[in-house]
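Just so you know, the protein sequences line up as chains R and A, in that order.
In terms of this note's numbering, the first sequence has 155 at position 155, counting the first letter as 1, and numbering is strictly consecutive.
Counting the second sequence from 1 gives a position; this note's numbering is that position plus 1000.
Protein chains: 2
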Amino acid sequence: MQISPIGVINTPFNDLKGMPIQPSGALEIEGTLVIHPEYEQGLRDLEGFSHIILLYQFHQSTGYDLMVTPFLDTQKRGLFSTRAPRRPNSIGLSIVELTGRDKNLVFVRGIDVLNNTPLIDIKPYVPKFDVRTVTATGWLEKAQKQAATQKSDDRFIEKQR
Amino acid sequence: MQISPIGVINTPFNDLKGMPIQPSGALEIEGTLVIHPEYEQGLRDLEGFSHIILLYQFHQSTGYDLMVTPFLDTQKRGLFSTRAPRRPNSIGLSIVELTGRDKNLVFVRGIDVLNNTPLIDIKPYVPKFDVRTVTATGWLEKAQKQAATQKSDDRFIEKQR
């Protein structure tokens, strides 16, 4: 399956170091989705939603290891139990607040990705579909509160493999 | 960007007609993620989570229209304000309950996809990252309650374009 970006995400983060690791650590950060003009019509009705789901490419990450030490832990965990960017298919997922739209520009708040990240898809965030009553969050049980203050470092920057 | 499946999703749904359109309409439906054995190590620690996020390929859908009539509405809406499967990058997203794992087999409940759907990624579902206090759900405002009973039809089956 071949993926072609529908646009790019502009954010204030030009460097992985110091970037929030999750939207919960970037609630006030504003960004702009610059959608390729040929897709503009598909953005209609989007501004009715307060939150949207972004799928994007972790474009600075290549290769992967099946066991990784996540930002929020000190021991190695199975890759698929983490949100680490270096994955077999390096697609990221963030839920952000939608603040407005002007033609092919979509304005968002609470964005935690690098500037110029290739955007793959936008979906409406719908509580009935996307909110679950969770009973366990594994190794993240204690760590998830810390996600709001933890910043990124360079551990997931592109490596020679 | 080239995507290669990490496995397939087995479900009771061999036909789009009559399939639930969202996990909220398939809460009791059980399925199995059959992960390619070379990725098995990356599944460690996953069973600590009660819910996981699946990214998968809408493999029966090709092409797209920028304005679509969603299952839950009677008028055309901008594609990116819908969860319709025919998209520029036909990637689907579902949050499901994790019920167990045996080596490279991951057992899930509340699955709303076709049998043999190619699986692209698994991520842990973490309320701190993935739950937002939503204030507006646009055209879905009235319709989302209906999602639990609405079934699919053939409108998004592969079309010649």
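Every residue gets a Cβ at the ideal spot worked out from N, C-alpha and C, and that includes glycine.
Extent of the continuous beta strand (DSSP E) run through Lys123/R | On the first sequence, position 123 is the one that residue 123/R refers to. Element bounds for Lys123/R: 117-124.
Residue nearest to Phe107/R in terms of C-alpha spacing, selected from Gly78/R, Leu43/R, Gln2/R = The sequence position of residue 107/R within the first sequence is 107, counting from 1. Per the Cα distances, Leu43/R.
Roughly how many angstroms lie between the CA atoms of Phe13/R and Asn1014/A, to the nearest whole one?
-> Here residue 13/R corresponds to residue number 13 of the first sequence, with the count starting at 1. Here residue 1014/A corresponds to residue number 14 of the second sequence, with the count starting at 1. Going from the Cα of Phe13/R to the Cα of Asn1014/A covers about 44 Å.
Could you tell me which chain C residues have their CB closer than 9 Å to the CB of Tyr56/R, listed as they occur along the chain?
-> Looking for chain C here will not work: the only protein chains present are R and A.
For Ser1152/A, the residue or residues it bridges with in DSSP = For the purposes of this step, residue 1152/A is taken as residue 152 along the second sequence, with counting starting at 1. Ser1152/A is not bridged to any residue.
Would you grab the beta carbon distance between Gln57/R and Ser4/R for me? Rounded to a whole angstrom, and I think it's under 8 Å.
-> Numbered from its first residue, the first sequence carries residue 57/R at position 57. Numbered from its first residue, the first sequence carries residue 4/R at position 4. The pair is not a contact, with the Cβ atoms about 10 Å apart (cut-off 8 Å).
Reduced DSSP secondary structure (H/G/I, E/B, other) of Asp45/R | Residue numbering aside, residue 45/R sits at position 45 when the first sequence is read from its first letter. Of the three classes helix, strand and coil, the one that applies to Asp45/R here is coil, per DSSP.
Ends of the alpha helix (DSSP H) at Asp130/R?
-> Against the first sequence, residue 130/R aligns to sequence position 130. 127-130 is the span of the alpha helix (DSSP H), which, as asked, contains Asp130/R.
Quick check: the stretch 57-73 of chain R against the stretch 24-40 of chain R, are there 3 or more CB pairs under 8 Å?
-> no
Got a sec: is the Cβ-Cβ distance from Val134/R to anything in chain A below 8 Å?
-> Taking the first residue of the first sequence as position 1, residue 134/R is located at position 134. Chain A, which has a Cβ nearer than 8 Å to the Cβ of Val134/R, makes this yes.
Any idea what DSSP makes of Gln105/R, helix, strand or coil?
-> Numbered from 1 along the first sequence, position 105 holds the residue referred to as residue 105/R. Rather than Gln, the amino acid found at residue 105/R in this sequence is Leu. In this structure, Leu105/R counts as strand in the three-state DSSP scheme.
Per the contact definition of three or more C-beta pairs closer than 8 Å, is the stretch 1105-1125 of chain A in contact with the stretch 1049-1065 of chain A?
-> yes
Under 8 Å between C-beta atoms, does Asp1102/A make it to chain R?
-> By 1-based counting over the second sequence, the position of residue 1102/A is 102. No - not a single Cβ of chain R is within 8 Å of the one on Asp1102/A.
DSSP state of Tyr39/R, grouped into three classes?
-> Within the first sequence, numbered from 1, the residue matching residue 39/R stands at position 39. Tyr39/R: helix per DSSP, three-state reduction.
Can you give me, in chain order, the residues of the stretch 103-119 of chain R that have a beta carbon less than 8 Å from any beta carbon in chain A?
-> Pro118
Exposed or buried, which one is Gln22/R when buried takes at least 16 other CB atoms within 10 Å?
-> Sequence index remark: in the first sequence, residue 22/R carries index 22 (1-based). Classification of Gln22/R: buried, given that the 10 Å Cβ count is 16 or more.
Determine the direct distance from the alpha carbon of Ser1081/A to that of Gly1110/A, and round the result to whole angstroms.
-> The residue you call residue 1110/A lines up with position 110 of the second sequence. The residue you call residue 1081/A lines up with position 81 of the second sequence. So the two alpha carbons sit approximately 23 Å from each other.
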